[in-house]
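**Q** Residue numbering for the sequence shown follows my numbering, starting at 5 and increasing by one per position.
Heads up, the beta-carbon is just placed ideally off N, CA and C, and yes, glycines get one too.
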Amino acid sequence: MEAILYICHGSRVPEACNQAISFIKKCMNGNLAPIQEYCFLELATPTIEEAFKACVQKGATTIKAIPVLLLTAAHAKEDIPHELKEVHNRYAHIKLQYGKPIGVHPKMVDILIERIHDQYEKIPKNSIVLLVGRGSSDPDVKRDLGEISSLLKQRIGIEKVVDCYLIAANPSFEEGLQIAEQSGCKNVFIIPYLLFTGILMNSMKKTIRVFSENKDQNYILCQYLGYHATIESILQERIVELTEENELCFP
């Protein structure tokens with residue numbers, strides 16, 4: 005019997021975890037797998053081990069693990085596989101498949117454009133967009149977000165779209181704001197490339213408030229991505245891809 009295991013990041017902020025759980029339950033309603041569980045990599049429960057065991061106890065013979073993560077980074081490539089391998093060693097008779105994170109997908113650009121249009125029906129010509137990722141020392145994060153920035157630039161038809169990062173990568177968010185200031189653009193659209201609310205959003209608001217004092221620019225902080233219906237459809241694609249490719253993470 006097949007099980008789908010949705011693996012979210014986790015947060016110290018209860019609201020963020022509640023948003024994730026609500027979203028995953030919607031994903032479950034759209035999937036016909038007889039067994040479906042959610043879990044968190046860190047900072048929240050159930051853990052990967054607890055949810056994996058729940059799948060087994062419900063009769064799963066195949067578990068398809070899907071990382072509910074925006075970009076390809078150490079969490080997707082190392083941390084989650086390590087946790088899965090640890091628990092799988094105790095259930096070697098279970099077939100385990102591991103899918104891809106959301107990653108670079110054209111539909112993600114649709115959400116970004118929607119977030120801009122939440123603020124302005126039409127993007128003013130004299131504008132720059134800062135696409136702000138969480139950041140990581142893993143170079144794949146910068147590669148992926150840079151590619152998404154390029155796709156956004158093509159779609160909205162403005163020259164200045166800059167990817168920047170809150171931690172562990174350059175340019176930093178503060179450097180991104182400086183780039184925006186030096187650009188001379190009147191309007192600075194700031195899009196947090198984040199799934200959920202939390203500490204990072206609060207930090208961004210504070211940074212913008214301090215930086216924008218006495219500046220002759222219009223700083224527009226857009227809504228974070230959130231658990232958008234489009235992301236639900238992408239996760240369904242990731243599940244289908246895994247089925248078609250029969251991609252085993254652990255033999």
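Return helix, strand or coil for Cys43, following the three-state DSSP convention.
**A** Annotated three-state conformation of Cys43 is strand, per DSSP.
**Q** Are Gly14 and Leu45 closer than 7 Å when you measure CB to CB?
**A** yes
**Q** Should Pro255 go down as buried or exposed, given a rule of 16 or more other Cβ atoms within 10 Å for buried?
**A** Residue placement at Pro255 cannot be trusted, given a pLDDT of 44 that sits under 50; the coordinates are not used to answer.
**Q** DSSP on Leu100, reduced to helix/strand/coil?
**A** Strand.
**Q** Do Cys59 and Glu87 have their CB atoms nearer than 7 Å?
**A** no
**Q** With C-beta atoms as the reference, is Asp167 less than 7 Å away from Ala78?
**A** no
**Q** Around the Cβ of Cys146, are there at least 16 other Cβ atoms within 10 angstroms (buried) or fewer (exposed)?
**A** The sequence shown places Lys at residue 146, rather than the Cys named in the question. Lys146 should be labelled buried.
**Q** Helix, strand or coil: how does DSSP classify Cys168 here?
**A** strand
**Q** Between Thr51 and Lys99, how many whole angstroms is the CB-CB distance? I'm expecting something under 8 Å.
**A** At roughly 21 Å, the Cβ-Cβ gap does not stay under 8 Å, so Thr51 and Lys99 are not in contact.
**Q** Just how far apart, CA to CA, sit Val244 and Ile171?
**A** Going from the Cα of Val244 to the Cα of Ile171 covers about 33 Å.
**Q** Helix, strand or coil for Pro255, going by three-state DSSP, please let me know.
**A** Because the pLDDT at Pro255 is just 44, under 50, the model does not fix this residue reliably, and the point stays unresolved.
**Q** So is Ser191 buried or exposed if we call it buried at 16+ other beta carbons inside 10 Å?
**A** Per the sequence shown, the amino acid found at residue 191 is Asn instead of Ser. By the 10 Å Cβ count, Asn191 comes out buried.
**Q** What does the alpha-carbon distance come out to for the pair Pro85 and Pro128?
**A** 44 Å
**Q** Whether or not the region 156 to 163 and the region 112 to 122 are in contact is what I'm after, with contact meaning three or more pairs of Cβ atoms, one per stretch, closer than 8 Å; do they touch?
**A** yes
**Q** How many whole angstroms separate the CB atoms of Asp148 and Thr76, which I take to be in contact at a CB cut-off of 8 Å?
**A** 6 Å
**Q** Only counting runs of 4 or more residues, tell me where the alpha helix (DSSP H) segments fall wholly within the region 16 to 98, in order along the chain.
**A** Qualifying alpha helix (DSSP H) stretches, in chain order: 18 to 33, 52 to 61, 84 to 92.
**Q** What does Glu6 pair with, by DSSP beta-bridge criteria?
**A** Thr66
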